[in-house]
Amino acid sequence: MPTDIRAEIIKQIRRPAHWLLLAVALVLTLTFAYLIPYLGLSGRTEGPGSARGLDAMLPAEFVGSTVAGTPVFLGALAVIFGVLVAGSEYGWQTWKTVFTQAPSRPRVFAAKVVVTAAGTLLLVVTLLAAGAAASAAVAGLQDAPLDWPSPGELLTGAAAGWLITTMWAMLGVFLSVALRGVALPIGLGLVWLLAVQNLLSAVAAPLLDWIADLQRALPGPNAGSLVAALGAPEGAPGVSALTGAGHATLVLAAYLVGFTLLSGWLLHRRDIT
Amino acid sequence: MGGMNSPVETTALTKRYGDLTAVDQLDLTVRAGEVYGFLGPNGAGKTTTLRMLLGLIRPTSGSIRLLGRDPGAGHLDRVGALIEGPSFYPHLSGRDNLRALACHAGVGASRVHTVLQIAGLTDRAKDRYNTYSLGMKQRLGLAAALLKDPELLILDEPTNGLDPAGMADIRATIRRLADDGRTVLLSSHLLGEVQQICDRVGMISDGRLVAELSVSELASAGLRIVASPLTEAHECLGALVGADHVHSDGEALYLDAPGDAAARINAELVHSGLAVHELRVREPDLEQTFLELTGGGRRAD
């Protein structure tokens, strides 16, 4: 297993697409969590974040502000990451090259899960570091005090962000294994995250009670609830305190485990054609 | 023959996809140390068979033993394979591709250096895979197959898509590997290829093994003779080589005989007072040989 993880690291670490995803995540987070709200605050421009208060940009709130993107746009990037990690093996037809080297399929899949989780951890840690730096810069510019969250709050925020992004990444892995490819899984994953979730919450849930109830069991609304509990600004896309943090954590963990087990089972059972 | 004397053994191996039977009751035995050519046209079931041997596809029924082991953990430990063309990570160099695969295979990094040398890729090892020519990609595929220093090599159409020089290069490498004592199971749809590097050939059609013969038998392509009167010539040759070995399509006679028998047969026909208008050695041709071996009838060249 450690050698399979090493193999997976060699494959993933030099892949430019992963670093591009990280850069996009960084730019989007800083833009929508800090730059646009700050410009709006200082009256230099109007934008979707202009109504946010200064408090959300200061160090005390940086954890919630930074992970606020995980229910939707960071989640979308995590889905793409998961699809690239697993689905590319179908696209490049490299599963056969790997499996003829004699490792067991569960071992190879477990290594993929470990590296996927490491990738999302790197994403969350990088975003939190950038968020901390941006919030410190805002505090400096506004002569506000540098009140940092406690280590416990920081750890909780990082863990929550990691849980959410890893869950989305494993959705990507699951879609790519189920559909044995890259393009369709990315397309379907993004349609779910960016369109269907919004339609369900904004259009269907107000009309039908059972869909409103269903929201409590879906991954997106629970991700939104979890980051809301951590201080993510209400009104950010997908952020809404629909359930409690404990409920949300359990639901997200169940999806994470479910996607992982289903993907592993499918990969183990199916022919490599 | 069993156990280590037969590195590859299948019994009644079958793979069905719904109503389609891709491989049908295949009994295949490859002897230790030989280069076995698995010959057949595209779609005959060659790749499906090899994928089943390697555990990539689950058989519908039947059994497989590789190097005396049943499928399961470790049954590919001493097996190297190249299936349906090389497939690697395009963003990695040749060396890094092999490093990753060596990690999966559980072999040391020093082996990567060795197989790069065997494949003649040391000079381009640092270059990205997506900059490689098809021939280099194929050689990298061979290098990957050799990572575990395997006793058995399973190669699926390893020269597919290569130019003549690339084909010759790969064939020479395979022959060298076989001369080192490895058993090689090689699929191909190129008769000339199996003639050059194989010891024995199995022919597959519609998923069934329809003939198994040595390469020397396969190379006996035969003679085409146009003589008159044709009926007398047919009787004369029948008396000479046996009636079962002479066939007629009404215009010419087809004789199962080695090419070096042409002069003797010509002399016999002339001596019998028959006019020989044409006598030539038929070049071995996969389709024709295949049709003949499967009883599909004879055709004129």
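Residue numbers (this note's numbering), protein chains in the order written: chain H, 2 to 274; chain B, 168 to 468. Virtual Cβ for every residue (Gly too), placed ideally from N, Cα, C.
Legend entry - Residue of B:359, B:319 and B:357 minimising C-alpha distance to residue 346 (chain B): Residue 346 (chain B) sits at position 179 when you count from the first residue of the second sequence. The candidate whose alpha carbon is nearest that of residue 346 (chain B) is B:319.
Inset, instruction - Kindly indicate if chain H contains any beta-carbon less than 8 Å away from that of residue 280 (chain B). - result: As a working mapping, residue 280 (chain B) is identified with position 113 in the second sequence. For residue 280 (chain B), the answer is no, since every Cβ of chain H falls outside 8 Å of its Cβ.
Inset, instruction - Taking only beta carbons into account, state which residues of the stretch 70-102 of chain H come closer than 7 Å to chain B, listed in chain order. - result: 93, 94, 95, 97, 98, 99, 100, 101 and 102
Legend entry - DSSP beta-bridge partners of residue 188 (chain B): Locating residue 188 (chain B) in the second sequence gives position 21, where the first residue counts as 1. For residue 188 (chain B), which the question treats as bridged, DSSP gives the partners B:183.
Inset, instruction - Give the secondary structure of residue 296 (chain B) by DSSP, where H, G and I count as helix, E and B as strand, and everything else as coil. - result: Within the second sequence, residue 296 (chain B) is the residue found at index 129, counting from 1. Helix at residue 296 (chain B).
Inset, instruction - Measure the C-alpha to C-alpha separation of residue 468 (chain B) and residue 449 (chain B) and round it to an integer number of angstroms. - result: What you label residue 468 (chain B) is simply residue 301 of the second sequence in a count that begins at 1. What you label residue 449 (chain B) is simply residue 282 of the second sequence in a count that begins at 1. Residue confidence for residue 468 (chain B) is low, a pLDDT of 28 falling below 50, so the modelled location carries little weight; the figure read from the coordinates is stated next. If you take the alpha carbons of residue 468 (chain B) and residue 449 (chain B), they lie about 8 Å apart.
Inset, instruction - Could you name the residues that DSSP lists as bridge partners for residue 444 (chain B)? - result: Working through the second sequence from its first residue, we reach residue 444 (chain B) at position 277. Residue 444 (chain B) is not bridged to any residue.
Legend entry - Closer than 8 Å at the beta carbon, the chain B residues around residue 11 (chain H): Along the first sequence, one-based indexing puts residue 11 (chain H) at 10. Result: 259, 263, 266, 267 and 270.
Inset, instruction - Quick one: list the residues of chain H neighbouring residue 222 (chain B), beta-carbon separation under 8 Å, in chain order. - result: Walking along the second sequence from the start, residue 222 (chain B) turns up at place 55. The contacting residues are 100.
Legend entry - chain H contact residues for residue 311 (chain B), given Cβ-Cβ distances below 7 Å: On the second sequence, residue 311 (chain B) is found 144 positions in, with the first residue counted as 1. Neighbours of residue 311 (chain B) on chain H, chain order: 98.
Inset, instruction - Could you tell me which residues DSSP pairs with residue 414 (chain B) in its beta bridges? - result: Translated into the one-based positions of the second sequence, residue 414 (chain B) becomes position 247. Looking at the DSSP assignment, residue 414 (chain B) forms a beta bridge with B:421.
Legend entry - Opposing strand residues paired with residue 371 (chain B) [DSSP bridges]: As a first step, residue 371 (chain B) must be located in the second sequence, where it is residue number 204. B:376, per the DSSP bridge assignment.
Legend entry - residue 413 (chain B) versus residue 379 (chain B) - alpha carbon distance: Sequence index remark: in the second sequence, residue 413 (chain B) carries index 246 (1-based). Sequence index remark: in the second sequence, residue 379 (chain B) carries index 212 (1-based). Roughly 22 Å between the two C-alpha positions.
Legend entry - Positions along the stretch 311-328 of chain B whose CB lies within less than 9 Å of some CB in chain H: 311, 312, 314, 315 and 321
Inset, instruction - Measuring only between beta-carbons, confirm whether residue 274 (chain H) sits less than 8 Å from chain B. - result: Indexing the first sequence from 1 puts residue 274 (chain H) at position 273. Yes, its Cβ sits closer than 8 Å to a Cβ of chain B.
Inset, instruction - Drop a sphere of 10 angstroms on the beta-carbon of residue 230 (chain B), count the other beta-carbons inside from all chains shown, and report buried for 16 or more, exposed for fewer. - result: Here residue 230 (chain B) is taken as the residue at index 63 of the second sequence, counted from 1. Residue 230 (chain B) should be labelled exposed.
Legend entry - Nearest neighbour of residue 227 (chain B), chosen from B:439, B:305, B:401 and B:183 [CA to CA]: As a position in the second sequence, residue 227 (chain B) is number 60, starting the count at 1. Nearest C-alpha to residue 227 (chain B): B:183.
Legend entry - Whole-angstrom distance between residue 231 (chain H) and residue 266 (chain H), CA atom to CA atom: The count along the first sequence starts at 1 and reaches residue 266 (chain H) at position 265. The count along the first sequence starts at 1 and reaches residue 231 (chain H) at position 230. Distance between the alpha carbons of residue 266 (chain H) and residue 231 (chain H) is about 34 Å.
Legend entry - contact_flag[the stretch 314-328 of chain B, the stretch 268-285 of chain B] where n(CB pairs < 8 Å) is 3 or more: yes
Inset, instruction - Give the residues of chain H in contact with residue 250 (chain B), contact being defined as C-beta atoms less than 7 Å apart. - result: Position 83 of the second sequence, counted from the first residue, corresponds to residue 250 (chain B). Per Cβ cutoff of 7 Å: 97 and 101.
Inset, instruction - Could you tell me whether the Cβ atoms of residue 219 (chain H) and residue 250 (chain H) are closer together than 8 Å? - result: Here residue 219 (chain H) corresponds to residue number 218 of the first sequence, with the count starting at 1. Here residue 250 (chain H) corresponds to residue number 249 of the first sequence, with the count starting at 1. The answer is no: Cβ separation not under 8 Å.
Legend entry - Cβ shell of residue 29 (chain H) (< 7 Å), same chain only, five flanking positions each side left out: Along the first sequence, read from residue 1 onward, the residue named residue 29 (chain H) stands at position 28. Excluding sequence neighbours, residue 29 (chain H) sits near 70 and 74.
Legend entry - Residues that residue 243 (chain B) contacts on chain H, provided the C-beta gap is smaller than 7 Å: Walking along the second sequence from the start, residue 243 (chain B) turns up at place 76. Per Cβ cutoff of 7 Å: 101 and 103.
Inset, instruction - Note down, in chain order, every chain B residue with its Cβ under 7 Å from the Cβ of residue 17 (chain H). - result: Within the first sequence, numbered from 1, the residue matching residue 17 (chain H) stands at position 16. Here the neighbours are 258.
Inset, instruction - Could you work out which residues of chain B lie near residue 109 (chain H), taking near to mean beta carbons separated by less than 8 Å? - result: Looking up residue 109 (chain H) in the first sequence gives position 108. Per Cβ cutoff of 8 Å: 271.
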